[in-house]
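Asks:
Number of protein chains: 2
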Amino acid sequence: MSTSSFAPRGDKRTLEEGQDFAPKFDRDGLIVCVTTEHKTGDILMVAYMNEDALRLTLETGVAHYWSRSRNELWRKGDTSGQVQTVVEMRTDCDQDAIELAVEAGGDGKACHTGRRSCFYRRVVVGAGSPHLVLTET
Amino acid sequence: MSTSSFAPRGDKRTLEEGQDFAPKFDRDGLIVCVTTEHKTGDILMVAYMNEDALRLTLETGVAHYWSRSRNELWRKGDTSGQVQTVVEMRTDCDQDAIELAVEAGGDGKACHTGRRSCFYRRVVVGAGSPHLVLTET
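This is the structure:
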């Protein structure tokens, strides 16, 4: 195993108030990442990063993820042209989540279904079970 | 185990294009939820829901989560007063993530550190290791 690119996990106060970036990876070695469109603030997608993906994202300024379905490192846009240029990265209080504000390249459609955002359906409660309503087609 | 409140997982096309809400819970029975402030669109927090938390959120219109640290169902605001009223719920293409737009109650500080958002620090790359910079105090 390679040496970590990030700070060791400190105590609660250091994690929450300190300047050390000490991301927490789960038992699969992943951290969740919420990617937003910088221009609008809209959430484009939720994906996962392993340590390499997070390191490469910081080093190159282009979003890298870990594909859980393909089990491989994934530079977003390599096949689709939807390269995501990082404008800002944030982490949360306990440093177990990443927020990535990006400029979406290509035609700006971040979702593999051809939509701008993966969150194109609202969950609606009515008679019977909750169901989904399209917000973009 | 109780009967599920949600539709069974269908094939890829049904999950992505259909009207059935068939959320995917991970091997711990959880689904990730990104909660945004409806007024601004800013991300307030990333948390997790089990099936009960998701069902109660839909039934009551108030955000419920599963606390992984306390291992219990958690109605946000029960102790802090930061009750979150749901304005809109969305799910993503493969239905393994939830987006919740809320109106934050109380003093609007969703983070337990006393801040409006849990994402109060930017990750900055400079000389040496990446480090964190406060965006609100």
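Residue numbers (this note's numbering), protein chains in the order written: chain A, 1 to 137; chain B, 138 to 274.
Every residue, glycine too, gets a C-beta built ideally from N, C-alpha and C.
#1: Using DSSP's beta-bridge definition, name the partner residues of Gln-221 of chain B.
#2: I'd like the span of the beta strand (DSSP E) that includes Arg-258 of chain B, first residue to last.
#3: If the cut-off is 9 angstroms on Cβ atoms, which residues from the stretch 230-253 of chain B count as contacting chain A, listed in chain order?
#4: Is Asp-189 of chain B helix, strand or coil when you go by DSSP?
#5: Determine the burial state of Met-1 of chain A: buried for a count of at least 16 other Cβ atoms within 10 Å of its Cβ, exposed for fewer.
#6: On a CA-only basis, which of B:Arg-192, B:Glu-236, B:Val-262 and B:Val-169 is nearest Val-224 of chain B? Give me that one, please.
#7: Counting only beta-carbon separations shorter than 8 angstroms, does Val-83 of chain A have a partner in chain B?
#8: Using a Cβ-Cβ cutoff of less than 7 angstroms, which residues in the same chain neighbour Thr-151 of chain B once the five nearest sequence positions on both sides are dropped?
#9: Classify Thr-177 of chain B: buried if its beta carbon has 16 or more other beta carbons within 10 angstroms, exposed otherwise.
#10: For Ala-190 of chain B, which residues in the same chain have their Cβ closer than 7 angstroms to its Cβ, ignoring the five residues on either side in sequence?
#11: CB Arg-116 of chain A to CB Glu-136 of chain A, shorter than 8 angstroms?
#12: In three-state terms, what does DSSP make of Thr-14 of chain A?
#13: By a C-beta neighbour count over all protein chains shown, 10 Å radius and 16 as the cutoff for buried, is Ala-127 of chain A buried or exposed?
#14: What are the boundary residues of the beta strand (DSSP E) that Ser-204 of chain B is part of?
#15: Since Val-169 of chain B meets chain A, which of its residues come closer than 8 angstroms, beta carbon to beta carbon?
#16: Closer than 8 angstroms, CB to CB, is Met-157 of chain A near chain B or not?
#17: Let's test the definition: count the other Cβ atoms within 10 Å of the Cβ of Pro-23 of chain A and tell me whether it reaches 16, buried, or not, exposed.
#18: Counting only C-beta atoms, is Phe-158 of chain B closer than 8 angstroms to chain A at any point?
#19: Closest to Met-226 of chain B by CA distance: which of B:Leu-181, B:Ser-266, B:Leu-269 and B:Ala-238 is it?
#20: State the DSSP-derived secondary structure class of Leu-134 of chain A, mapped to helix, strand or coil.
#21: Do you know how far the Cα of Arg-146 of chain B is from the Cα of Thr-194 of chain A?
#22: Could you work out which residue in A:Arg-122, A:Leu-30, A:Asp-96 and A:Gly-81 is closest to Arg-258 of chain B when comparing CA atoms only?
#23: Reducing DSSP to helix, strand and coil, say where Met-138 of chain B ends up.
Replies: Quick look at the numbers:
#1: B:Ala-241
#2: 258-261
#3: Cys-230, Asp-231, Gln-232, Asp-233, Ala-234, Ile-235, Glu-236, Cys-248, His-249, Thr-250 and Arg-252
#4: Here Asp-189 of chain B sits in helix by DSSP.
#5: Confidence at Met-1 of chain A is low in this model, with a pLDDT of 45, below 50, so the placement of that residue is unreliable and no value is reported for it.
#6: B:Glu-236
#7: Taking Cβ atoms only, chain B never reaches closer than 8 angstroms to Val-83 of chain A, which makes this a no.
#8: Here the set comprises Asp-157.
#9: It counts as exposed.
#10: His-201, Tyr-202, Trp-203 and Leu-210
#11: yes
#12: helix
#13: exposed
#14: 201-204
#15: Residues of chain A passing the Cβ test: Val-32 and Val-46.
#16: Nothing can be reported for residue 157 of chain A, as the shown portion of chain A is limited to 1 through 137.
#17: buried
#18: yes
#19: B:Ala-238
#20: strand
#21: Chain A is shown from 1 up to 137; residue 194 of chain A falls before or after that span and cannot be answered.
#22: A:Asp-96
#23: Here Met-138 of chain B scores only 45 on pLDDT, less than 50, and its place in the model should not be relied on; the value that follows carries that caveat. Coil.
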